[in-house]
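Asks:
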Amino acid sequence: MADAAPTAARGVTRRVFFALWPDAATAAGLHARARALHTECGGRAMRRDTLHLTLAFLGNVPQDDITRLEHVAAEVRGAPFVLELDQLGAWHRNRILWTSASAAPQALVTLADALALRLREAGFVLEDRAFAPHITLVRNARAAPMAQTCPVLRWPVASFVLVASEPTPAGARYRVLRRWPLR
Ligand code: ATP
Ligand code: MG
1 MADAAPTAAR GVTRRVFFAL WPDAATAAGL HARARALHTE CGGRAMRRDT
51 LHLTLAFLGN VPQDDITRLE HVAAEVRGAP FVLELDQLGA WHRNRILWTS
101 ASAAPQALVT LADALALRLR EAGFVLEDRA FAPHITLVRN ARAAPMAQTC
151 PVLRWPVASF VLVASEPTPA GARYRVLRRW PLR
């Protein structure tokens with residue numbers, strides 16, 4: 001029997017997810033917010049280059065499926081929108097501090113829903129939990145922030161990305177593999 005795949009290539013997987021990735025100005029604003037929370041609540045502020053909003057988390061997929069994932073993403077249509085980040089919050093379970101929008105734009109929900117639907121149709125497995133759009137700012141926090149609201153940070157969103165998460169001793173390192181415009 002011919003089995004063309006070299007042994008080393010078989011079983012190779014990548015940990016991947018779809019996300020919104022901030023432009024430089026938004027990342028700077030988010031990072032300032034992360035540092036302020038870190039000062040107030042301890043923990044570890046996320047590095048500026050790691051800040052993102054997860055749209056759909058796939059986990060480990062075979063390397064050979066990455067192209068299929070890209071085809072699925074290319075078929076997803078979405079409109080640009082502005083995220084008005086005006087909320088702060090904490091999840092005690094994993095000691096994460098985050099920021100989010102009190103009013104999630106319909107275009108964001110539509111995009112995440114469309115992506116999840118197409119991915120499932122293509123046979124990819126996603127967790128069944130509800131989409132809770134947020135940007136993680138601090139990990140291992142020892143307290144929750146006093147304030148639950150904050151001045152609005154406006155994030156203009158005009159694309160989404162596929163990201164590979166690569167473990168390193170200093171925490172996950174993210175590599176943007178590809179970007180698709182929203183228009
Ligand atoms: P680490 O797990 O090494 O501490 P991380 O959580 O930043 O780092 P990943 O676990 O690779 O890195 O997660 C990548 C992104 O996907 C993060 O935004 C994370 O919150 C999100 N994510 C991870 N697991 C899930 C999941 N089961 N469901 C939804 N989103 C997830
Ligand atoms: Mg994780």
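Our numbering puts the first residue of the sequence shown at 1, with every later residue one more than the last.
By construction, the Cβ of each residue, glycine as well, lies at the ideal position given by its N, Cα and C atoms.
Are the CB atoms of L97 and C150 nearer to each other than 9 Å?
Replies: Along the sequence shown, read from residue 1 onward, the residue named residue 97 stands at position 97. Along the sequence shown, read from residue 1 onward, the residue named residue 150 stands at position 150. Not closer than 9 Å, so no.
Asks: If you run the structure through DSSP and keep just helix, strand and coil, what is L55?
Replies: Counted from its first residue, the sequence shown places residue 55 at position 55. Three-state result, L55: strand.
Asks: Please return the same chain residues whose Cβ sits closer than 6 Å to the Cβ of H52, not counting the five positions on each side in sequence.
Replies: Looking up residue 52 in the sequence shown gives position 52. Excluding sequence neighbours, H52 sits near A19, W21.
Asks: Whole angstroms is fine: what's the gap from L177's alpha carbon to I66's?
Replies: Numbered from its first residue, the sequence shown carries residue 177 at position 177. Numbered from its first residue, the sequence shown carries residue 66 at position 66. Approximately 10 Å, taken between the alpha carbons.
Asks: Cβ of V16 within 9 Å of Cβ of L69?
Replies: Reading the sequence shown from its first residue, position 16 is the one you call residue 16. Reading the sequence shown from its first residue, position 69 is the one you call residue 69. A contact, by the Cβ cut-off of 9 Å.
Asks: Shorter than 8 Å, the distance from the beta carbon of S102 to the closest heavy atom of ligand 1, or not?
Replies: For this step, residue 102 is matched to residue 102 along the sequence shown. Incorrect: S102 has no Cβ contact closer than 8 Å to ligand 1.
Asks: Assuming V163 and R175 are in contact, meaning their beta carbons sit under 8 Å apart, how far apart are those beta carbons, in whole angstroms?
Replies: Position 163 of the sequence shown, counted from the start, is the residue given in the question as residue 163. Position 175 of the sequence shown, counted from the start, is the residue given in the question as residue 175. Right, the Cβ-Cβ distance comes to about 7 Å (below 8 Å), so this counts as a contact.
Asks: Looking only at its chain, what residues have a beta carbon closer than 8 Å to the beta carbon of P145, apart from the 5 residues adjacent to it on each side?
Replies: Here residue 145 refers to the residue found at position 145 of the sequence shown. For P145, where only same-chain residues beyond five positions count, the Cβ hits under 8 Å are L37, E40, C41, L88, G89, A90, L97.
Asks: When DSSP builds the beta bridges, which residues end up paired with W91?
Replies: Reading the sequence shown from its first residue, position 91 is the one you call residue 91. DSSP lists I96 as partners of W91.
Asks: Within 8 Å: the Cβ of A172 and any heavy atom of ligand 2?
Replies: Counted from its first residue, the sequence shown places residue 172 at position 172. At least one heavy atom of ligand 2 is nearer than 8 Å to the Cβ of A172, so yes.
Asks: Can you list, in chain order, the residues of its chain with a C-beta nearer than 7 Å to that of T50? Leave out the 5 residues immediately preceding and following it.
Replies: On the sequence shown, residue 50 is found 50 positions in, with the first residue counted as 1. Taken in chain order, the residues that qualify are Y174.
Asks: Inspect the beta-carbon positions of L78 and A114 and report whether they are closer than 9 Å.
Replies: As a position in the sequence shown, residue 78 is number 78, starting the count at 1. As a position in the sequence shown, residue 114 is number 114, starting the count at 1. The residue asked about is misnamed: residue 78 is Gly in this sequence, not Leu. Yes. Within cutoff.
Asks: How big is the Cα-Cα spacing for A32 and H71?
Replies: Position 32 of the sequence shown, counted from the start, is the residue given in the question as residue 32. Position 71 of the sequence shown, counted from the start, is the residue given in the question as residue 71. C-alpha separation (whole angstroms): 36 Å.
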